[in-house]
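Heads up: the sequence shown begins at 0 in numbering that gives the first Met the number 0, then just goes up one per residue. Cβ coordinates follow ideal geometry from the N, Cα and C atoms, glycine included. Since we're looking at a predicted model, the values are computed, not measured. Data block below; observations after.
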Amino acid sequence: MEVVLGAGWPGVMLHEAVGHGLEGDFNRKGTSVFSGKVGEQVAAKGVTVIDDGTIADRRGSITIDDEGTASRRNVLIEDGILKGYMQDRQNARLMGVDATGNGRREIIRARTNAAHDQHLYG
């Protein structure tokens, strides 16, 4: 069954319901429903979630994150299988993986956290 969601509030709902749970810090601390489930089925077959800051001229598009890491296309869930999390440098180092270009600071003196670029749901 195909599901088509319009722009606007459906994206906000998915961002809150799925997006924050895929941030590296929540998973490192074990506070996400996705913690420790890389390689496991976490969604129905056919569900793919991608975080991609490289799409030109879109809200959330960036060249580099707030830590200087290049933005990239991150496949988070592919065909229902959890592939990885959005990572800033600190959480990536602590989890033994690469940073994904998702480091964000609310203000210059704040600690960096993993955050979203653009989520694509398919």
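Bridge pairing for GLN40: ILE80 [DSSP].
Counting along the chain, VAL48 sits inside the beta strand (DSSP E) bounded by residues 48 to 51. In this model, VAL11 and SER31 are separated by some 18 Å (Cα to Cα). When the alpha-carbon of ASP51 is set against those of VAL2, ASP97, GLU66, MET85, the nearest one is in MET85. In the DSSP annotation of this structure, PHE33 is not part of any alpha helix (DSSP H), being labelled neither H nor E.
If you draw a straight line from the Cα of VAL3 to the Cα of PRO9, it is about 10 Å long. Listed in chain order, the non-local C-beta contacts of THR68 below 7 Å within the same chain comprise ARG88, ALA98, GLY100, GLY102, local neighbours out to five positions each way being set aside.
For VAL46 and ILE76, the gap between their C-alpha atoms comes out near 7 Å. Per DSSP, reduced to three states, the secondary structure at VAL2 is coil, with no helix or strand assignment.
When DSSP states are grouped into helix, strand and coil, ARG58 belongs to the coil group.
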